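Protein chains in written order, with our numbering: chain X, 71 to 180; chain F, 298 to 412.
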């Protein structure tokens, strides 16, 4: 049974700082690993999708890596901005469903 | 959110009433997923449907909950005889061909409050 854990649960940083969010999963037999952003009272926005054959994906200031052997993924955010404040969720994808972590609540202070 | 439409966005029901949540997937997507987010909890998978078929309902509570995705019209998540513990955000998502290699698109969610 897939379990996904995210550390830390909350993170507060000053604007401009580079930061890393961590995600670990128990079952390496995943099809893909996805990172999402959730704003309060809103749905989820997909940020990056890493397929099982890939090791990383980049989009703008975001870079996500996947290490299936260790069961870990990281989301790197460069030069953080107040607008990055949100909850970040990672999810391990099987063939039919995603298993989510509880998220990391990020606050970027001006 | 790439066009997944959920309604109502907010719904208040008294204990014992029925709640119906609707989801229209992204145009052209034939795979629909429902997830539930309880307060202070992560999103939990409930059910995966394709047109007219339930593919995986392993996350659905055994009683009072049902889901459908008819040939025409939106997917419906139905909760009968609601209880306070059903209060949560219910998210619908869609993908074109299942999850393998495809980005999944989420709706804005339906917030159910049971009073």
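We treat Cβ as the ideally placed atom computed from N, Cα and C, and that holds for glycine.
These figures come from a predicted structure and were not determined experimentally.
Within chain F, the residues that residue i reaches when beta carbons sit closer than 8 Å
i, result
"residue 166 of chain X", "345, 352, 353, 395, 396"
"residue 171 of chain X", "339"
Beta carbon proximity, residue i to chain F, threshold 8 Å
i, result
"residue 116 of chain X", "yes"
"residue 95 of chain X", "no"
"residue 138 of chain X", "no"
Cβ pair residue i, residue j closer than 8 Å
i, j, result
"residue 100 of chain X", "residue 164 of chain X", "yes"
"residue 385 of chain F", "residue 372 of chain F", "no"
"residue 114 of chain X", "residue 388 of chain F", "yes"
"residue 150 of chain X", "residue 144 of chain X", "no"
"residue 117 of chain X", "residue 131 of chain X", "no"
"residue 171 of chain X", "residue 74 of chain X", "yes"
"residue 138 of chain X", "residue 98 of chain X", "yes"
"residue 303 of chain F", "residue 406 of chain F", "yes"
"residue 329 of chain F", "residue 391 of chain F", "yes"
"residue 177 of chain X", "residue 91 of chain X", "no"
"residue 346 of chain F", "residue 383 of chain F", "no"
"residue 124 of chain X", "residue 96 of chain X", "no"
"residue 160 of chain X", "residue 103 of chain X", "yes"
"residue 146 of chain X", "residue 105 of chain X", "no"
"residue 361 of chain F", "residue 351 of chain F", "no"
Neighbour list for residue i in chain F, Cβ cutoff strictly below 7 Å
i, result
"residue 119 of chain X", "400"
CB contact below 8 Å: residue i versus chain X
i, result
"residue 298 of chain F", "Confidence in residue 298 of chain F is poor, its pLDDT being 45 and thus under 50, which makes the residue's placement unreliable; the coordinate value appears in the next sentence. Judged by the 8 Å Cβ criterion, residue 298 of chain F is in contact with chain X."
"residue 325 of chain F", "no"
"residue 387 of chain F", "no"
"residue 319 of chain F", "no"
"residue 362 of chain F", "no"
Proximal residues of chain X, C-beta to C-beta of residue i below 7 Å
i, result
"residue 409 of chain F", "Simply none; closest approach about 14 Å."
Those residues which DSSP pairs with residue i across a bridge
i, result
"residue 101 of chain X", "The partner list for residue 101 of chain X (beta bridge, DSSP) is empty, contrary to what the question assumes."
"residue 106 of chain X", "X:116, X:159"
"residue 328 of chain F", "F:347, F:392"
"residue 376 of chain F", "F:316, F:362"
"residue 149 of chain X", "Paired residues: none, contrary to the question."
"residue 302 of chain F", "F:321"
"residue 126 of chain X", "X:135"
"residue 353 of chain F", "F:345"
Start and end residues, beta strand (DSSP E) containing residue i
i, result
"residue 310 of chain F", "307 to 310"
"residue 319 of chain F", "316 to 321"
"residue 90 of chain X", "89 to 95"
"residue 175 of chain X", "174 to 179"
Chain X residues whose Cβ lies nearer than 8 Å to that of residue i
i, result
"residue 342 of chain F", "167, 168, 169"
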